[in-house]
Amino acid sequence: MTTLSKSAKAQAKIAVSNVLDSFLPGFNANKINKQKKVHKKNSVQLISENLKKRVELNEFDSQKLKKQRKLKEKKEIKKRKNDEKWLEKQAKSEILKQHKEKGTLTPKEQKVLNKKIIANRKRLEEWDLDEDIQEELNDVQQEILQATDIKLVESRKRKQNKKKTQFTTSTDGTQNTGTHGKRYTGLTPGLAPVGLSDDESSDNGF
1 MTTLSKSAKA QAKIAVSNVL DSFLPGFNAN KINKQKKVHK KNSVQLISEN LKKRVELNEF
61 DSQKLKKQRK LKEKKEIKKR KNDEKWLEKQ AKSEILKQHK EKGTLTPKEQ KVLNKKIIAN
121 RKRLEEWDLD EDIQEELNDV QQEILQATDI KLVESRKRKQ NKKKTQFTTS TDGTQNTGTH
181 GKRYTGLTPG LAPVGLSDDE SSDNGF
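Using UniProt numbering, read the sequence shown as starting at 1 and increasing by one per residue.
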């Protein structure tokens, strides 16, 4: 059985379609309409999904923009309040200064001025305290370094003295051995080594 080519298959489909259309009028038209409807439905669905995604993205971007705008507004409000407080503080300080110079301070202004003086004095004392602490730390550090240096020097001196003592002891031992004659290591005094008679040992000074 031979295999049909693609063109033969296409011609066969067209022939069958024509036969069905001749017996069933509108068969091909209905088929085409169904295909169009399916295609149209798919297109509409894709458009709908794309629109939905676009709306979601727009909502997300909108919320993000709102948050950023709120944060920016909060920062601006905070900065404005801080600036106003600073200006108000400077204005009050200037008024107190002028009234003090003129000698027209009210009791309330005098209390405020006294509080400012006390606060400034405490701040200065804290700065002085920090400097004193730093100086004390520096002094302690220097003392530690000096003590460490002294200990190192003493340790070196002790090592040198120990070496000298060991050297002197070993020298004295050698001299003493030479004056008393020849000695045999590991033997009890008065006993002759192996291979020597008592006479030979006595001749050698034992």
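Ideal Cβ placement from N, Cα and C applies to all residues, glycine included. Quick caveat: nothing in here was measured; it's all calculated off a predicted structure.
Pairing Asn42 with Glu76, the inter-Cα distance amounts to about 51 Å. In the three-state scheme derived from DSSP, where H, G and I count as helix and E and B as strand, Thr106 is classed as coil. Ser93 places its beta carbon less than 9 Å from that of Lys116. Sequence-distant Cβ neighbours of His99 in its own chain, meaning closer than 8 Å and more than five residues away, are Leu105, Thr106, Glu109. As the crow flies, the alpha-carbon of Gly103 is around 24 Å from that of Leu87.
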